[in-house]
Each structure stands twice: as C-alpha cells, then as structure tokens.
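Note that the sequence shown covers residues 418 to 847 in this note's numbering. Built from N, CA and C at the ideal position, the CB exists for glycine as well. Worksheet for the structure shown next.
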Amino acid sequence: MTRATYSLYSELLMTRATYSLYSELLMTRVATRLLAHKIQSPQQREALQALTVLEACMNNCGKRFHSEAAKFRFLNELIKVLSPKFLGQWSGAEVKLRVTEVLYSWTLWLKEEPKIQEAYRMLKKQGLVKKDPKLPDTIVMPPPSQRAEDSVFNQEDKAKLLATLLKSSSPEDLQTANRLIKNTIKEQKAERVSRRVSTLEEVASRTRQLRELLRQHCLTGPSTHHTDHLKALYESCDRLRPNLFRLASDTVDDDEALAQILQANDELTLVVNMYKDMMGGRESNRMRGGGGEGSINNGRLEPITVYDQNGVHVSLHFAKDPPPGHPNVAVVIVSTVNTSSLPVKDILFQAAVPKTMTVKLQPSSGNDLPSYNPLLPPAALSQILLLSNPHRRKVRLRYKLTLVHGDGEQSLSEMGEVEDFPDWVSWMGL
418 MTRATYSLYS ELLMTRATYS LYSELLMTRV ATRLLAHKIQ SPQQREALQA
468 LTVLEACMNN CGKRFHSEAA KFRFLNELIK VLSPKFLGQW SGAEVKLRVT
518 EVLYSWTLWL KEEPKIQEAY RMLKKQGLVK KDPKLPDTIV MPPPSQRAED
568 SVFNQEDKAK LLATLLKSSS PEDLQTANRL IKNTIKEQKA ERVSRRVSTL
618 EEVASRTRQL RELLRQHCLT GPSTHHTDHL KALYESCDRL RPNLFRLASD
668 TVDDDEALAQ ILQANDELTL VVNMYKDMMG GRESNRMRGG GGEGSINNGR
718 LEPITVYDQN GVHVSLHFAK DPPPGHPNVA VVIVSTVNTS SLPVKDILFQ
768 AAVPKTMTVK LQPSSGNDLP SYNPLLPPAA LSQILLLSNP HRRKVRLRYK
818 LTLVHGDGEQ SLSEMGEVED FPDWVSWMGL
C-alpha cells in the first residue's frame, strides 16, 4: 500500500468512524474510553492516529460528544500522557505536543465547558505546559452549532410553533401542542438529570483525589510541587460547593437525588476542611467550616444557632436564592455538627410554622454522627428546609430536636421557637 493510498484509507476510516459514532450517541462514553486507551498507546503512530480521530469526532459528532470529552473522566486520561507521574516519561514529544494542542484548542472553542478551562489552567500551574502552543490550521475546531443537534427547533422556534398551535381551534393542532409541551418537559428533566449526574461524578472524583493527595502529603511531607498541586485541587473543590447547593435547589422534588447531593456536599466539605486544617488556613469559626453549609451563597445573612449543648451544635443557614420557578419559597439549611467525644444517633429535626406559611423538610443526609476526632474536622449532617411565605409575614418557626447522645443511650428531646429570622423582603431580595 502506497503512502498516498494509506493516507486516503485512513481518512475514509476516520470519516466512517465519526459518522458511526454520530449515529450511536449512546456509545459516546465507550468511544471516549477507547480513544483514551489508544492515545496512551506506547506506539507513537497509533497514539497520533487516535488523536486525529478524536479531533474528527469533536468536529463531527456534536454537542453530546463534546460534553463527554469535557468530563474530568476523559480529561484526566489526556493529562496522564503529559504528567511524569503517569505516562509522561514514556510518551513521545510529538504526542505530548498534540495533546497540548488539542486541550488548548478546546479552551478557545469550548469556552462554555469550565472543566476544560480548569484542566488546562492546572497543567500550566504545574508547569506541564510552559506556554500556549501555536495551533496549526488543521486542529482548530469550528465553533459548536448554535442549534441543538437532537432537536428540530431551537427554543425560539418552539415557542413560536407552540403559540401558533395553541391559538388554533383544530383538535389535531391542540394535540400536537400537548405533545410538544410534554416533550419539552421531558427534555428539560433529562437535562437536569444529566447535569446532576455529571456534577456528582465530578465532585466524587475531586473529593477522592484531594483526600488521596492529603494522605500522601502526610506520609511524604511537604514539597513545592506537591503543595502547588494540592492548592490547585483544593481551589477546584471549593468552586464546586456553590454548584452543589444550586443543584440541591433544583432537586427539591426528588428525595433520593437530594440525599445523594447532600451526602456529596458533606464529603466535599469534610475534605476541604481537612485541607484547611493541614495547611493552617482554616477559618477560626469551626462551626461554619464543619457544618456542610459552606457551599451556600449566604450573602449578608448570618446563621442562627438553634441548639448548642454537650458538643452538639444545630444551626440554620439561609440561602440567598430561591429554588428555580418558586420565587416565594426560601431555602434554609439545617446543619448539625458533633464536636463531642461521644457519638450521636437517631437525630431527628422537626419544624412547624404559622398557618399563613408552609414548611417542608427534605430528607437529611444522615441520622447518626460519629464522635469527634481531633485530627479531622467535626462530622456534620445537612438537611434542606423549604419555607413558603406568600403573605410575607414575619417568620416564626417552632422546632423539636430529638437525638441519642453517647453509648449510654442518653436520649434528648428539645423544643423551642426561633423568631429572629431575617426580614422576609430583604432575605428574598424583593
């Protein structure tokens, strides 16, 4: 086979591969895994060919492929080719350059993908990328299409079509409008689920990485490279915390998903506070750091302490933004922290409000807290409280807290009332 024939054959195979992937959108995750494996090949020719296929797929396989390639799961596999801790010592210079060019080009054309921007910034911070490469014309991708690939209409077209159908007196048109509304709701729900899964995967990955690096830091001692990597990873984790809270606000109608989000928030907050403790930068207020509420955009609103005895601290933290589509609903995080030497079990927080208001407690992230370990931040639980106040009255909340403190089964039942809530208008920004 001549060089020209081989080149044409490779191009045909590449074209066929990209259109095959496009027709099987559900296989994008498998495709990126396969490409990552080939890009890490010790044979330079195979790795370069896989990178060329990757570029072709990014150009031709649409937004779904972009989203999969922009996940840390795939980006980390590309970073391994550059990192001397993984495959960097064996990867060829040409392969490293191509990987750098690919990542840099994505930062230019996929600005709406924050993980790509963050991954490339981290490479520069660690010194794995000294300066931005000069891109050849063949590698720069065209901007993604403004029209969604899996929809015949964009949002403006849908709105116009729906308005026309609803004005019609034809039963067929009204049925079509009904189907269009249902499909739109399904699309929005699927998008929320996809965003939630992606965010939780990212949080789990970053939490695991930071915890492992902290463990290595304890074993091997500080080093400049290690400390810089830790700081970059900590900053990445810290930026994820507001995302989790916004996600919780969007998921108030799904108890199981909400429990997963709160659990992820607690684990992320724990490892972030471990970093602050280890690096000597933890805030002096231990309750605010360990209560899992650090992910909340509190604004000017100070938390209210509900209970603080025997090392058990329960406080209310006020979110700045209401859940989407519910402007008259306030979000409060009930945070329970244990700083005592005894475990706390069967924690139950109940709440009631005047008849002009409505309160709903979402499931807590747990019911038990272990005893306090001086080497770690205090264990914490989080629970979302939704408060509706359509008449904008002064908020009063009666609560009942029950728990079992210590192995001696010391039961506690505490009742009380909280009146010093923020003014509703200023709280909700009305």
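TODO: If I'm right that aspartate 683 touches serine 799 with Cβ under 8 Å, what's the distance once you round it to whole angstroms?
DONE: Here residue 683 refers to the residue found at position 266 when the sequence shown is read from its first residue. Here residue 799 refers to the residue found at position 382 when the sequence shown is read from its first residue. Taking a contact as a CB-CB distance under 8 Å, the pair aspartate 683 and serine 799 counts as one, their CB atoms being some 6 Å apart.
Task: Top-ranked residue by Cα proximity to leucine 802, from Tyr816, Leu540, Ala796 - done: To locate residue 802, count along the sequence shown from 1; it is residue 385. For the options Tyr816, Leu540, Ala796, the alpha carbon positioned closest to that of leucine 802 is the one of Tyr816.
Task: aspartate 655 to valine 751 span [Cα, whole Å] - done: By one-based count along the sequence shown, residue 655 stands at place 238. By one-based count along the sequence shown, residue 751 stands at place 334. One C-alpha to the other measures close to 20 Å.
Task: alpha helix (DSSP H) segment containing lysine 811, residue limits - done: Your numbering for residue 811 matches position 394 in the sequence shown. According to the DSSP assignment, lysine 811 belongs to no alpha helix (DSSP H), since it is labelled neither H nor E.
Open item on the list: If you reduce the DSSP assignment to three classes, tell me which class methionine 832 lands in.
Closed with: Taking the sequence shown and counting its residues from 1, one reaches residue 832 at position 415. DSSP places methionine 832 in strand when its eight states are reduced to three.
- [ ] Identify every run of the beta strand (DSSP E) within the region 444 to 512, keeping only runs that are complete inside it and at least 3 residues long; order them along the chain.
- [x] Runs found: none.
Open item on the list: Taking the straight line between their C-alpha atoms, what separation do you get for asparagine 745 and alanine 487?
Closed with: If you number the sequence shown from 1, residue 745 lands on position 328. If you number the sequence shown from 1, residue 487 lands on position 70. Using only the alpha carbons, I get a separation of about 36 Å.
- [ ] From the DSSP output, in three-state form, read off tyrosine 724 for me.
- [x] Numbered from 1 along the sequence shown, position 307 holds the residue referred to as residue 724. Assignment of tyrosine 724 by DSSP, reduced to helix, strand and coil, places it in the strand class.
Open item on the list: I need the boundaries of the beta strand (DSSP E) containing asparagine 755, first residue and last residue.
Closed with: Counting from 1 along the sequence shown, the entry for residue 755 is found at position 338. Residue range 746 to 755 is occupied by the beta strand (DSSP E) that includes asparagine 755.
TODO: Under 8 Å by Cβ, that's how I've got arginine 481 and threonine 445 pegged, so tell me the actual separation to the nearest angstrom.
DONE: Reading the sequence shown from its first residue, position 64 is the one you call residue 481. Reading the sequence shown from its first residue, position 28 is the one you call residue 445. About 6 Å separates the CB atoms of arginine 481 and threonine 445; that is less than 8 Å, so the two are in contact.
TODO: For the beta strand (DSSP E) holding valine 761, just list the boundary residues, first then last.
DONE: Position 344 of the sequence shown, counted from the start, is the residue given in the question as residue 761. Secondary structure note for valine 761: its beta strand (DSSP E) is the uninterrupted segment 761 to 769.
TODO: Could you check the C-alpha separation between serine 458 and isoleucine 602 for me, to the nearest Å?
DONE: Your numbering for residue 458 matches position 41 in the sequence shown. Your numbering for residue 602 matches position 185 in the sequence shown. The straight-line gap from Cα to Cα measures roughly 43 Å.
Task: Beta-ladder partner(s) of lysine 777, from DSSP - done: Position 360 of the sequence shown, counting from 1, holds the residue named residue 777. Beta-bridge pairing links lysine 777 to Leu803.
Task: For serine 586, the first and last residue of its enclosing alpha helix (DSSP H) - done: Along the sequence shown, one-based indexing puts residue 586 at 169. No alpha helix (DSSP H) holds serine 586; DSSP gives it neither H nor E.
Task: Per DSSP, cross-strand counterpart(s) of alanine 797 - done: Here residue 797 corresponds to residue number 380 of the sequence shown, with the count starting at 1. The partner list for alanine 797 (beta bridge, DSSP) reads Val754.
- [ ] With a threshold of 16 other CB atoms inside 10 Å of the CB of valine 614, please say whether the residue is buried or exposed.
- [x] In the sequence shown, counting from the first residue as 1, residue 614 sits at position 197. Burial call: exposed.
Task: Host alpha helix (DSSP H) of serine 788 (start-end) - done: As a first step, residue 788 is located in the sequence shown; it is residue number 371 there, counting from the start. Bounds of any alpha helix (DSSP H) do not take in serine 788, whose DSSP letter is neither H nor E.
Open item on the list: Counting C-beta neighbours from all protein chains within 10 Å, is the total for threonine 517 16 or more, i.e. buried, or is it exposed?
Closed with: Counting from 1 along the sequence shown, the entry for residue 517 is found at position 100. Counting every other CB atom within 10 Å of its CB across the protein chains shown gives threonine 517 a total of 16 or more, marking it as buried.
TODO: Check whether the region 827 to 847 touches the region 776 to 793, counting contact only when three or more Cβ pairs, one atom from each stretch, lie closer than 8 Å.
DONE: They do not touch, by the three-pair rule.
Task: Close-in-space but distant-in-sequence residues of the same chain around leucine 461 (CB under 8 Å, 5 per side omitted) - done: Along the sequence shown, one-based indexing puts residue 461 at 44. Position check: residue 461 holds glutamine in this sequence, whereas leucine was assumed. Take glutamine 461, set aside five residues on each side of it, and the residues of its chain with a beta-carbon closer than 8 Å to its own are Gly509, Glu511, Val512, in chain order.
Task: Own chain, CB closer than 6 Å to arginine 623, minus 5 neighbours either side, in chain order - done: Within the sequence shown, numbered from 1, the residue matching residue 623 stands at position 206. Here the set comprises Ser653, Cys654.
- [ ] Indicate whether leucine 820 and valine 776 have their beta-carbon atoms separated by less than 7 Å.
- [x] On the sequence shown, position 403 is the one that residue 820 refers to. On the sequence shown, position 359 is the one that residue 776 refers to. Contact: no.
- [ ] Could you tell me the distance, in whole angstroms, from the CA atom of glutamate 604 to the CA atom of glycine 728?
- [x] Taking the sequence shown and counting its residues from 1, the one referred to as residue 604 is at position 187. Taking the sequence shown and counting its residues from 1, the one referred to as residue 728 is at position 311. If you take the alpha carbons of glutamate 604 and glycine 728, they lie about 47 Å apart.
Open item on the list: Can you check which of these residues, Ser788, Asp549, Leu818, Ala736, is closest to alanine 768 by C-alpha distance?
Closed with: Residue 768 sits at position 351 when you count from the first residue of the sequence shown. The residue among Ser788, Asp549, Leu818, Ala736 with its C-alpha nearest the C-alpha of alanine 768 is Leu818.
Task: Cβ neighbours of valine 689 in the same chain (closer than 8 Å, five flanking residues each side left out) - done: Along the sequence shown, one-based indexing puts residue 689 at 272. Excluding sequence neighbours, valine 689 sits near Leu627, Tyr651, Cys654, Asp655, Arg658, Gly711.
Open item on the list: Quick check: does the Cβ of asparagine 690 come within less than 6 Å of any heavy atom belonging to the ligand ZN?
Closed with: Of ligands this structure carries none, so the ligand ZN is not represented either.
Task: Which of helix, strand or coil DSSP assigns to alanine 565 - done: Position 148 of the sequence shown, counted from the start, is the residue given in the question as residue 565. Note that alanine 565 scores a pLDDT of 40, beneath 50, so its modelled location is shaky; the value from the coordinates is reported in the next line. Coil at alanine 565, not helix or strand.
Open item on the list: Please state the DSSP three-state secondary structure of serine 782.
Closed with: Here the question's residue 782 lines up with position 365 in the sequence shown. Secondary structure at serine 782: coil, using DSSP grouped into helix, strand and coil.
- [ ] Quick one: residues in its chain with C-beta nearer than 7 Å to the C-beta of glutamate 485, no 5 flanking neighbours on either side, listed in chain order?
- [x] Against the sequence shown, residue 485 aligns to sequence position 68. Same-chain partners within the cutoff: Thr445, Arg446, Thr449, Phe491.
Open item on the list: Nearest by alpha-carbon distance to isoleucine 456: which of Asn476, Lys577, Ala796, Glu494 is it?
Closed with: Stepping through the sequence shown from its first residue, residue 456 is reached at position 39. If we check each option's Cα against that of isoleucine 456, Glu494 comes out closest.
- [ ] Determine the closest residue to arginine 609 out of Leu579, Arg663, Leu759, with distance taken between C-alpha atoms.
- [x] In the sequence shown, the residue the question calls residue 609 occupies position 192. Taking only the C-alpha atoms, the option nearest arginine 609 is Arg663.
Open item on the list: Does phenylalanine 838 come out as helix, strand or coil in the three-state DSSP assignment?
Closed with: The sequence position of residue 838 within the sequence shown is 421, counting from 1. Coil, per DSSP.
- [ ] Express the C-alpha separation of leucine 679 and asparagine 755 in angstroms, rounding to a whole number.
- [x] Counted from its first residue, the sequence shown places residue 755 at position 338. Counted from its first residue, the sequence shown places residue 679 at position 262. The straight-line gap from Cα to Cα measures roughly 17 Å.
Task: Residue span of the alpha helix (DSSP H) that contains valine 731, given as start and end - done: Indexing the sequence shown from 1 puts residue 731 at position 314. No alpha helix (DSSP H) holds valine 731; the beta strand (DSSP E) holding it covers 729 to 735.
- [ ] Label serine 843 either buried or exposed according to how many other C-beta atoms from any shown protein chain fall within 10 Å of its C-beta, with 16 as the threshold for buried.
- [x] Here residue 843 refers to the residue found at position 426 of the sequence shown. Here serine 843 is exposed, its C-beta having fewer than 16 other C-beta atoms within 10 Å.
Task: Separation of threonine 773 from histidine 808, as counted between CA atoms - done: Here the question's residue 808 lines up with position 391 in the sequence shown. Here the question's residue 773 lines up with position 356 in the sequence shown. Between histidine 808 and threonine 773, the C-alpha separation is close to 7 Å.
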